[in-house]
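Protein chains in written order, with our numbering: chain A, 1 to 307; chain B, 308 to 643.
Glycine residues also receive a C-beta, built at the ideal position from the N, C-alpha and C atoms.
On a predicted model such as this, the values are computed, not experimentally measured, just so you know.
Reviewing the structure listed below.
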């Protein structure tokens with residue numbers, strides 16, 4: 001075995017080997033975030049179209065690419081530690097099935113609803129036990145921290161989360177997966193708040209210039225106090241900013257028992273426009289999950305000691 | 308005479324005017340009256356369609372299931388129509404609507420976003436259902452763009468396609484140009500749905516029919532948000548006089564409109580200040596109640612709120628922007 005092959009096998013500096021499947025805007029941003037991570041090594045970026053901008057971007061950064069889809073992942077000489085799946089909900093189910101016998105942790109960016117749901121400020125990113133972690137949806141990542149904090153502090157009768165994504169950043173898979181987006185986001189809001197009556201809505205805004213990603217959390221809270229609500233919301237927003245710095249509360253209004261909290265997320269990314277905070281927040285959460293997984297696989301951290 | 312199918316969304320779009328509070332007796336009574344008049348399609352639902360009862364827009368007094376069951380039972384000859392916005396309702400809502408006997412299923416998308424309807428139109432086509440696509444807020448796109456998007460919707464499986472003038476912004480020549488472009492681009496029936504913010508709804512609907520639209524929407528007494536929709540009982544005789552046959556009985560129609568005025572609404576829509584302003588600003592009039600509520604609490608001018616929403620290109624469903632805009636305008640006034 002040549003030295004260069006050995007280097008590939010262990011990954012750069014003992015980093016864990018990750019792959020990204022899906023080369024839309026989400027996949028491209030993941031590639032750039034993996035590129036910046038001190039503990040993740042991009043071993044393969046996979047798409048289905050050799051001419052896609054996403055594969056060109058990964059290749060420009062010097063990473064191996066393939067247009068062979070999931071077959072290229074399965075054909076790898078040895079399994080990846082983490083596979084980020086930025087395809088579609090239906091494709092993810094298939095990928096999950098095909099990788100059943102691999103040790104690879106699947107980090108799911110689609111709204112397939114099959115994995116263990118993670119919202120960093122609510123669940124942490126340490127306790128992943130299964131082989132599939134679901135990031136729920138962009139609206140879920142933006143709304144659940146607020147919804148969870150409200151439900152923890154107040155008696156909430158009803159919760160509704162309404163997200164608005166710029167049209168220019170909503171790719172075909174997103175457009176075909178609106179039903180899954182709604183079902184998965186609603187399921188997650190209910191799961192993390194114990195509020196039985198919940199609803200999720202997604203708007204696609206055509207505004208020019210594109211509108212910054214936003215999420216409104218509507219809640220029915222009998223006896224809500226505006227000051228107390230504001231304090232809870234500001235506290236949780238500060239915690240989300242620890243990994244998604246563009247997360248801002250832009251409105252917090254209480255009118256009788258009706259509470260509405262609006263947050264905007266601007267992207268901090270090498271490849272995304274600032275308005276694409278929807279992709280930034282879900283991808284930032286995904287990277288946290290993978291980095292925690294890396295810490296588990298190589299506890300010494302960055303020494304390559306896991307072998 | 309050219310036949311036109313009159314599509315009546317009184318029991319769906321009218322809901323915006325009464326905060327989605329139509330009750331079972333009102334739904335049943337109007338559906339029976341429209342059916343007796345021979346109105347071809349009676350559409351029912353929450354104002355934003357299936358699955359849309361929400362704090363964002365307003366919670367409905369009656370569940371989708373009960374609304375559909377009530378109207379289905381009341382209709383003998385008329386078809387039952389439903390409406391759905393992808394991202395608000397889902398395929399499971401469509402499945403339920405079909406099980407309730409919905410005949411005409413409209414998928415609404417913002418006018419530049421037909422691909423949001425791709426999956427649902429495809430699914431409806433597979434079911435053999437009569438799935439239509441309406442391009443909303445259609446003043447926000449050119450005739451050529453609308454023709455292209457309409458053709459895309461037909462490609463996805465739409466059996467009819469057309470425009471909603473959601474903000475009541477168009478003048479008749481705008482409609483002629485846009486409907487003309489669409490009829491040239493597709494080989495399925497073309498729909499026009501007018502709003503009356505600038506007093507043009509009937510004239511616009513006639514212009515649409517003359518440009519080739521064969522499905523025209525109208526609501527009893529114009530029941531709808533703000534200035535309301537095209538007034539059905541005016542639309543029908545005007546279409547007949549201009550050479551289009553509707554198959555609707557005039558007296559029956561007038562009786563249905565009397566019922567609507569008495570039982571569905573506190574008063575028929577008028578072209579008030581905010582209707583004119585929302586028409587000029589190009590914002591959906593359905594925002595009116597929430598704009599008024601939030602503006603009066605904050606002491607800002609609701610007219611300014613509509614123009615600012617227009618500047619931000621707010622589309623139907625983005626009611627959460629109202630809180631931001633009111634707060635921002637309130638701060639500006641304090642700063643002055």
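Less than 8 angstroms between the CB atoms is what I'm expecting for residue i and residue j, so what's the real figure, rounded?
| i | j | result |
| --- | --- | --- |
| residue 137(A) | residue 215(A) | With a Cβ gap of about 10 angstroms, residue 137(A) and residue 215(A) do not count as contacting. |
| residue 546(B) | residue 348(B) | 15 angstroms between Cβ atoms; not a contact. |
| residue 23(A) | residue 47(A) | 4 angstroms |
| residue 32(A) | residue 270(A) | 4 angstroms |
| residue 119(A) | residue 290(A) | That belief does not hold up - the Cβ atoms of residue 119(A) and residue 290(A) are roughly 16 angstroms apart, past 8 angstroms. |
| residue 454(B) | residue 489(B) | 5 angstroms |
| residue 240(A) | residue 261(A) | Incorrect: roughly 12 angstroms between the Cβ atoms, too far for contact. |
| residue 493(B) | residue 461(B) | 5 angstroms |
| residue 633(B) | residue 607(B) | 6 angstroms |
| residue 383(B) | residue 342(B) | 6 angstroms |
| residue 156(A) | residue 193(A) | 7 angstroms |
| residue 41(A) | residue 283(A) | That belief does not hold up - the Cβ atoms of residue 41(A) and residue 283(A) are roughly 17 angstroms apart, past 8 angstroms. |
At what residues does the alpha helix (DSSP H) containing residue i begin and finish?
| i | result |
| --- | --- |
| residue 407(B) | Residue 407(B) -> no alpha helix (DSSP H), and no H or E assigned at all. |
| residue 138(A) | 138-153 |
| residue 67(A) | Looking at the DSSP string, residue 67(A) is not in any alpha helix (DSSP H), and its letter there is neither H nor E. |
| residue 200(A) | Careful: residue 200(A) lies outside any alpha helix (DSSP H), inside the beta strand (DSSP E) at 198-205. |
| residue 327(B) | Per DSSP, residue 327(B) belongs to no alpha helix (DSSP H) and is neither H nor E. |
| residue 232(A) | 226-240 |
| residue 353(B) | Counting along the chain, residue 353(B) falls outside any alpha helix (DSSP H), and DSSP gives it neither H nor E. |
| residue 559(B) | 557-570 |
| residue 55(A) | 53-60 |
Determine, using beta carbons only, whether residue i and residue j come nearer to each other than 7 angstroms.
| i | j | result |
| --- | --- | --- |
| residue 390(B) | residue 319(B) | yes |
| residue 396(B) | residue 357(B) | yes |
| residue 591(B) | residue 474(B) | yes |
| residue 542(B) | residue 512(B) | yes |
| residue 563(B) | residue 340(B) | yes |
| residue 412(B) | residue 438(B) | yes |
| residue 235(A) | residue 362(B) | no |
| residue 54(A) | residue 27(A) | yes |
| residue 212(A) | residue 264(A) | yes |
| residue 316(B) | residue 350(B) | yes |
| residue 451(B) | residue 468(B) | no |
| residue 108(A) | residue 85(A) | yes |
| residue 479(B) | residue 510(B) | yes |
| residue 267(A) | residue 277(A) | yes |
| residue 79(A) | residue 64(A) | no |
| residue 379(B) | residue 408(B) | yes |
| residue 525(B) | residue 505(B) | no |
Looking at the secondary structure, which residues open and close the beta strand (DSSP E) in which residue i lies?
| i | result |
| --- | --- |
| residue 534(B) | Looking at the DSSP string, residue 534(B) is not in any beta strand (DSSP E), and its letter there is neither H nor E. |
| residue 158(A) | 158-166 |
| residue 215(A) | 214-220 |
Does DSSP classify residue i as helix, strand or coil?
| i | result |
| --- | --- |
| residue 40(A) | strand |
| residue 626(B) | coil |
| residue 609(B) | helix |
| residue 124(A) | coil |
| residue 315(B) | strand |
| residue 18(A) | strand |
| residue 193(A) | helix |
| residue 343(B) | helix |
| residue 116(A) | strand |
| residue 692(B) | The structure shown has nothing for residue 692(B), since chain B only spans 308 to 643. |
| residue 132(A) | strand |
| residue 614(B) | helix |
| residue 552(B) | strand |
| residue 638(B) | helix |
| residue 181(A) | helix |
| residue 173(A) | helix |
| residue 309(B) | strand |
| residue 27(A) | helix |
| residue 365(B) | strand |
| residue 310(A) | Because residue 310(A) is not part of the residues shown, which for chain A are 1 to 307, the question remains open. |
| residue 376(B) | helix |
| residue 621(B) | coil |
| residue 45(A) | strand |
- 3-residue-minimum beta strand (DSSP E) runs that sit fully inside the region 249-298 of chain A, ordered along the chain: 258-265
- alpha helix (DSSP H) segments (min. 4 residues) lying fully within the region 379-462 of chain B: 398-406, 425-434
- Query: What are the start and end residues of each continuous beta strand (DSSP E) run of 3 or more residues lying completely inside the region 463-547 of chain B, in chain order?
  - Reply: 467-471, 497-500, 522-524
- Query: Quick one: complete alpha helix (DSSP H) runs, 4+ long, within the region 575-599 of chain B?
  - Reply: 580-588
- Item | Every unbroken beta strand (DSSP E) inside the region 66-111 of chain A [3 residues or more] | 82-85, 105-108
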